[in-house]
Amino acid sequence: MIDNLDTVEKKDLFASGHRACGGCGQALAARMVADAAGENTIACVATGCLEVFSSPYPDPSWRIPFLHSLFENAAAVAAGVEVAYKALNKGPVNIIAQGGDGSTSDIGFQCMSGMFERGHNVLYVCYDNEAYMNTGVQRSGSTPFGTRTTTTPGGNKRLKKNIPLLAADHGIPYVATATVDDYRDLQRKVKTALSIEGPKYLHILAPCPLGWGHAGDITVQICRLAKQTCIFPVFEIREGKMISVHKVPVKKPVEEYLKLQGRFRNLFKKGTPTADVAAIQKIADGNIERFNL
Amino acid sequence: MSEKLPLGLALDLRNVTPYKTGSWRTQKPLNIMQTPPCTHGCPARNDIRGFLRTLAVSKDYEEAWHILTRTNPLPATCGRVCPHPCEEGCNRRDFDTPLDINSAERSIGDFGIENRLEHKKVITSERKEKVAIVGSGPAGLSCAFHLAKKGYKVKIFEAEGTPGGMMRWGIPAYRLPKNVLGREIESILKLGIELECNIKVGINIPMDQLMREYDAVFLGLGAQKGSSLNIPGDDARNVFSGVEFLKAVHSGRKIDIGREVVVVGGGNTAMDCARVAKRLGGNVSVVYRRTRVEMPAITAEIDEALEERIMFRYNTNPVKIVTDENRVIGILCMQMVLKEADASGRGRPVPIPGSESVIPADTVIIAAGQAVDYEGIDVYKRDNKWIDVNSQRMTSMDRVFAGGDAVLGLETVSAAIGQGMHAAYAIEDFIKNQTQNHLASPPVVYSKDLNTYYYQAANRFNKESVPVHIRLKSFEEIYPSFDRNDIITEAARCLSCGLCFQCNNCLMYCPDNAVKISPSTGMYEFDYDFCKGCGLCARECPCHYIKMTLER
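Here it is in structure tokens:
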């Protein structure tokens, strides 16, 4: 029926006692990434929810070395750590720069881009919850079309920035996307990335129950729907070539994904979908065509 | 704290206890083993999930047999004749197709017979109380089995020369080979049960004597008497009642049935009579006054009878048996039409005037109802027909309990086994002067409770029957024995409703890392110091083993 424990990594490197909300997708993703990377890992985390809830002195959740940087420079700090290890002739060690979608797509984009361009041996993990959740749900470059945030009360009019493809266009050896609903796939991608020399990028869809307006128990279900409605394509790019795509044999209409979340409530007038829903369906259809889902 | 701390640190991190986020919780997850629908539907309350998972995980037929025989002493028999109400409930029905539980049961039962497995006693010390069992049918055997396992002295009184009751005299060998039944009864008796045959209680030995000599008596009389239709000509030669006919055939008597055989009735006895008569070379038709939908017989039995080219005449009611020199030559029938439902919930058949016709017949078998033979046993009866028992399964006579067809009306082997088991519990409670509710069980899991995303579709086991033309030549069993590996594959389809099968979802989907593997049992347990009660584990649990409850 389902595989046994051998195929999953559970090392408790991201321990209990952190202050994330119940059902937090980012806490879930951070734990899966840390457990997959293993003990020989240094985490450089940008300012954001993850840093705030997991690292208050004196009881941080991290059981691996942890560096907190500014909002914009997690990638630069990670690059520095990597160079320092090289200079001291130490290692090898896994260096993972982590940040939210705000720090990745807006504030820290140039640091990440520079790190990619200089070719540091660093894995950059972006936990995408599609807005600035830590500061109170403001729109980011990664917020999808139609989303209601505190700065776009009528729904976001801009399209979501496609960071994974931007990262791939830097010519880096490995780019992948994942969601928290498939932990085997996510952990496999972390391990694959860490086995490759050079800059790598992993983009994880991590729902935020508070900001997205859904109950904590459906975090995984939302991710599954994001895949099944083709709103969030899951793929892997190696040396510029698409090597794997999560195929969706039975595609669901985007309404099923949107209706579960409070942030899309403005897309439905008394339960009937508005024209914006059709626009979002078009985006999903575009994904199907582009990624051959 | 004597060690010097690194620069800038005021506290040694190693001495800090983590912040207990469990205090945020309003809901609490609990691991609760729930009742699967198969066990809920089984009259004998077999632990179906238990034996299927044992087969699937450890491929251990012996262990599976012991799990099954905890409740059911006749697995090979039930695996052949049970209409498997368990499969009706199977939650896989809403996913793809239900499991073939019946075939798995038969395969496990056959393994037990082949390897001469022996039943284990629950309590090994002997008890001094004695219990008399009247009748060695499924109810009596089951009651004796469960009492003997608890150390009681049990003696069975059987009116016939061999034990088995209706399983021996009613069910034909092509459904249940007699050696299978014999071997299963043998291993039940090995628990130290005494059996005395050819003793009819009430005639050879009075009820009073049993009640004096024993601490409790169980009546598993069965319904051994065929009822008559009370129509003109039903006393003619070559008119049999269903039970009479089957018993005659099974005890080896030669019966000349002639060419044309008409069976009246739509129950299991009617199907058995028709198929036996077909095997004896008759040209058989079944006459039933309602339609196929209302037939009380097991669906598979009707299907197999149809396959064997037995003619069914629905909406037909016999009015008169036409005789010539006291021999049957035909049966006069009227066509019926179904009107508004009667007390049984089925349409009330009303004759259509002028629709009389005669079906030619050399033999008429009337299998329309059976009754209990109460000779010498004076017990209060419901509707003047079936034994009346109270909630403790005791009859109007003190210390006399009852079960099986004599109480239920015409029912299945598994129902009788269940009755025998519950009567055994009741007798134990009565002897120990205690009250215990053995029926209490956790809530049932229905398919709406499951998260079927995690299951994969798989084809149901397909049992092959012997071709009809070969089947009809003898009384050989119509389903040859199954491949044990196929049964293991089938068992692996079990969804394990309501019981953890260690899929890791709760472990991996907890954002708070609050699900741990217990070092002692290897099962998952919650760390309530840190669980925030988000409910992700319960939502993603495929089998509904985790339940969210309100925090007090």
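These protein sequence lines map, in sequence, to chains C and U. Quick note on the numbering used here: the first sequence kicks off at 4 and runs consecutively. Quick note on the numbering used here: the second sequence kicks off at 1485 and runs consecutively. The beta-carbon is built from N, C-alpha and C at its ideal position, and this holds for glycine as well. Every value quoted in this text rests on a predicted model; they were computed, and no experiment measured them.
Rounded to the nearest whole angstrom, the C-alpha separation of I1901/U and L1552/U is 13 Å.
Within the region 1622-1677 of chain U, complete alpha helix (DSSP H) segments of at least 4 residues are found at 1622-1633, 1650-1653 and 1662-1673, given in chain order. Segment contact: the region 1986-2002 of chain U against the region 13-32 of chain C, three or more CB-CB distances shorter than 8 Å; contact assigned. One thing to note: S1880/U has its Cβ within 7 Å of the Cβ of V1863/U.
The contact set of A18/C on chain U, defined by CB atoms closer than 8 Å, consists of P1502 and N1997 in chain order.
Close partners of T1847/U in chain C (Cβ separation under 8 Å) are lacking, with about 54 Å as the shortest Cβ gap. What K2016/U touches in chain C, judged by beta-carbon distance under 7 Å, is G25, going in chain order. Contact between the region 136-145 of chain C and the region 71-80 of chain C is not established, with fewer than three Cβ pairs separated by less than 8 Å. Under the Cβ criterion of 7 Å, E1974/U is not counted among the residues facing chain C. The region 1884-1898 of chain U and the region 1619-1628 of chain U touch, with three or more beta-carbon pairs separated by less than 8 Å. Secondary-structure assignment with DSSP links W65/C through a beta bridge to F17/C. When CB distances to chain C are screened at a threshold of 7 Å, not a single residue of the region 1555-1580 of chain U falls below it.
For F1724/U and C1522/U, the gap between their C-alpha atoms comes out near 38 Å. Under the Cβ criterion of 7 Å, L1495/U is counted among the residues facing chain C. Among the residues of chain C, none has a CB under 7 Å from the CB of G1982/U; the nearest is roughly 15 Å distant. At a beta-carbon threshold of 9 Å, none of the residues of chain C lie near M2007/U; the nearest stands roughly 12 Å away. From the beta-carbon of G2019/U, the residues of chain C found nearer than 9 Å are G25, G26, A218, G219, D220 and I221. Around the beta carbon of N1752/U, 16 or more other beta carbons sit within 10 angstroms, so the residue counts as buried.
Taking 7 Å as the CB threshold, E2024/U lines the interface with chain C. Sorting V96/C, G111/C and N97/C by C-alpha distance to the C-alpha of G103/C places G111/C at the top.
Listed by position along chain C, the residues whose Cβ is nearer than 9 Å to that of Y1993/U are L31, V183, D184, Y186, T222 and V223.
Here S64/C is buried, its C-beta having at least 16 other C-beta atoms within 10 Å.
Three or more Cβ pairs drawn from the region 1767-1778 of chain U and the region 1741-1750 of chain U lie within less than 8 Å of each other, which places the two stretches in contact. The Cβ atoms of R22/C and F56/C sit closer than 7 Å to each other.
With a 10 Å radius around the Cβ and a threshold of 16 neighbouring Cβ atoms, V36/C comes out buried. A straight-line Cα-Cα distance of about 6 Å links S1841/U and L1816/U.
For a Cβ distance threshold of 7 Å, residue set S19 of chain C lies close to D2011/U, ordered along the chain. Any Cβ of chain U closer than 7 Å to the Cβ of D104/C would place that residue at the interface, and such an atom is absent. Our two residues, F1629/U and I1677/U, have alpha carbons roughly 8 Å apart in a direct line. Only those residues of the region 60-94 of chain C whose C-beta falls short of 7 Å from the nearest C-beta of chain U are listed: P61 and D62. When 8 Å is used as the limit between beta carbons, R34/C is near these residues of chain U: P1995 and N1997, in chain order. Under the DSSP assignment, C47/C falls in the beta strand (DSSP E) whose first and last residues are T44 to V48. Within 8 Å of the CB of R227/C, the CB atoms of chain U belong to Y1937, in sequence order along the chain. Interface with chain C (7 Å Cβ-Cβ cutoff): T2033/U is excluded. In the structure shown, L1495/U falls within a coil segment according to DSSP collapsed to helix, strand and coil. The three-state secondary structure of K1543/U, taken from DSSP, is coil.
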